[in-house]
Amino acid sequence: MNNEPIVPAPAGEQGLAISVRALHKSFKSVEVLKGIDFDVRQNEVVCVIGPSGSGKSTLLRCLNGLETFDSGSVTVLGHHIGESRTDLRAAREQMGMVFQSFNVFPHLKVIDNIMLAPRKVKKVGTAQAKAAAERLLAKVKLEGRGDAFPRQLSGGQQQRVAIARALAMDPELMLFDEPTSALDPETIGEVLAVMRDLALAGMTMVIVTHEIGFAREVSDRVVFMDDGGIVEQGTPTQVLEHPQHDRTRAFLDKVL
Ligand code: ADP
Ligand code: MG
Numbered sequence: 116m117n118n119e120p121i122v123p124a125p126a127g128e129q130g131l132a133i134s135v136r137a138l139h140k141s142f143k144s145v146e147v148l149k150g151i152d153f154d155v156r157q158n159e160v161v162c163v164i165g166p167s168g169s170g171k172s173t174l175l176r177c178l179n180g181l182e183t184f185d186s187g188s189v190t191v192l193g194h195h196i197g198e199s200r201t202d203l204r205a206a207r208e209q210m211g212m213v214f215q216s217f218n219v220f221p222h223l224k225v226i227d228n229i230m231l232a233p234r235k236v237k238k239v240g241t242a243q244a245k246a247a248a249e250r251l252l253a254k255v256k257l258e259g260r261g262d263a264f265p266r267q268l269s270g271g272q273q274q275r276v277a278i279a280r281a282l283a284m285d286p287e288l289m290l291f292d293e294p295t296s297a298l299d300p301e302t303i304g305e306v307l308a309v310m311r312d313l314a315l316a317g318m319t320m321v322i323v324t325h326e327i328g329f330a331r332e333v334s335d336r337v338v339f340m341d342d343g344g345i346v347e348q349g350t351p352t353q354v355l356e357h358p359q360h361d362r363t364r365a366f367l368d369k370v371l
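The sequence shown runs 116 to 371 under my numbering.
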């Protein structure tokens, strides 16, 4: 690294929230990301689809520094991930992530799960954090459930708490890694509905999902990954209705 001061480029400079170039990542001798170029515009909703093991989670984890990478560049909201801790911290504060396993804290009430990061990280006062958490509970259709413990909620409700918790940091960008894959079928719809509301409100979102119907309806762009690379991408109609590659067709034949 050179000694120039790190001045985060304004995120909107090229209208890009995420810019990934020539990203390579190996686990031991196995290359799992083989040169990914991936951009997400501000306010864009991108669904990433592809078979298990194709590198979707690893790509997402490289975006928020949960995984290191070997070469290439990852820029999120003007911050250069992997170059300095300051940049990573700044990027993380503006980026929420929701995982397949709704990782809410089991020993904390719902309201305390949601208030935790704003209080600890942003030093928001208790009353203000609580008011914000109540508003978020309403947003994820869980008003009045703040005093419940996670174990008293269904999987779909817990996942909505996880979404509210991520939103509590007022992020510019949300990453979702198969947020409904661990849910009972009857609770999937309520989580997708909350995500759809977020998309309609203009949140920038990257969503790894097997819910093809949701991807078709909600996303601006669908990205198909296979074997560590992006095989094709385009509008939902282009990729889902008129795929150009045999691998995309084979995948869609299996999941549709
Ligand atoms: P996807 O999310 O598309 O299913 P992943 O990004 O989880 O794919 O995994 C891509 C490849 O990397 C797989 O072959 C997986 O086994 C491997 N992999 C993922 N995480 C690790 C890890 N921590 N150590 C070793 N191999 C890993
Ligand atoms: Mg995965």
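C-beta atoms are modelled at their ideal positions from N, C-alpha and C, and glycine is treated no differently.
Since the structure is predicted, the reported quantities are computational estimates derived from the model, not experimental observations.
So, alanine 279 versus alanine 232, is the Cβ gap smaller than 8 Å?
In the sequence shown, residue 279 corresponds to position 164, counting from 1. In the sequence shown, residue 232 corresponds to position 117, counting from 1. In this structure, alanine 232 does not lie closer than 8 Å to alanine 279 by Cβ.
How would you label alanine 330, buried or exposed, when you count the other beta carbons within 10 angstroms and need 16 or more for buried?
Numbered from 1 along the sequence shown, position 215 holds the residue referred to as residue 330. Flag for alanine 330 reads buried.
For methionine 318, the nearest candidate out of Asp341, Ser334, Leu307 and Glu287 (CA to CA):
As a position in the sequence shown, residue 318 is number 203, starting the count at 1. Selected option, being the one with the closest Cα: Glu287.
Drop a sphere of 10 angstroms on the beta-carbon of methionine 116, count the other beta-carbons inside from all chains shown, and report buried for 16 or more, exposed for fewer.
Working through the sequence shown from its first residue, we reach residue 116 at position 1. Note that methionine 116 scores a pLDDT of 40, beneath 50, so its modelled location is shaky; the value from the coordinates is reported in the next line. Exposed, since its Cβ has fewer than 16 Cβ neighbours within 10 Å.
Is it the case that the CB of threonine 324 approaches a heavy atom of the ligand ADP more closely than 7 Å?
As a working mapping, residue 324 is identified with position 209 in the sequence shown. Threonine 324 Cβ: outside cutoff for every heavy atom of the ligand ADP.
Bounding residues of the beta strand (DSSP E) (the contiguous stretch that carries aspartate 154):
Here residue 154 is taken as the residue at index 39 of the sequence shown, counted from 1. First-last of the beta strand (DSSP E) with aspartate 154: 145-156.
Is it true that the CB of glutamine 273 sits closer than 8 Å to the CB of valine 323?
As a first step, residue 323 must be located in the sequence shown, where it is residue number 208. As a first step, residue 273 must be located in the sequence shown, where it is residue number 158. Not in contact: valine 323 and glutamine 273 (Cβ atoms no closer than 8 Å).
What did DSSP end up calling methionine 284 once you bin it into helix, strand or coil?
By one-based count along the sequence shown, residue 284 stands at place 169. Here methionine 284 sits in coil by DSSP.
Per DSSP, what kind of secondary structure is phenylalanine 291 in: helix, strand or coil?
Your numbering for residue 291 matches position 176 in the sequence shown. In this structure, phenylalanine 291 counts as strand in the three-state DSSP scheme.
The alpha helix (DSSP H) that contains glutamine 359, what's its start and end?
Reading the sequence shown from its first residue, position 244 is the one you call residue 359. Looking at the DSSP string, glutamine 359 is not in any alpha helix (DSSP H), and its letter there is neither H nor E.
Rounded to the nearest angstrom, what separates valine 276 and glutamine 209 at their Cα positions?
The count along the sequence shown starts at 1 and reaches residue 276 at position 161. The count along the sequence shown starts at 1 and reaches residue 209 at position 94. Spanning the two alpha carbons is a distance of roughly 18 Å.
Got a sec: does the ligand ADP put a non-hydrogen atom nearer than 7 Å to the Cβ of valine 213?
Translated into positions along the sequence shown, residue 213 becomes position 98. No - the ligand ADP has no heavy atom lying nearer than 7 Å to the Cβ of valine 213.
For the putative contact between phenylalanine 339 and glutamate 347, defined by C-beta atoms under 8 Å, what is the C-beta separation to the nearest angstrom?
Here residue 339 is taken as the residue at index 224 of the sequence shown, counted from 1. Here residue 347 is taken as the residue at index 232 of the sequence shown, counted from 1. Going by Cβ atoms, the distance from phenylalanine 339 to glutamate 347 rounds to 5 Å, so yes, they are a contact pair.
For leucine 257, tell me which candidate among Val309, Thr183 and Phe153 has the shortest Cα-Cα distance.
Working through the sequence shown from its first residue, we reach residue 257 at position 142. Among Val309, Thr183 and Phe153, the Cα nearest to that of leucine 257 belongs to Val309.
Grouping DSSP H, G and I as helix and E and B as strand, with all else coil, what is serine 169?
Walking along the sequence shown from the start, residue 169 turns up at place 54. If DSSP states are grouped into helix, strand and coil, serine 169 belongs with coil.
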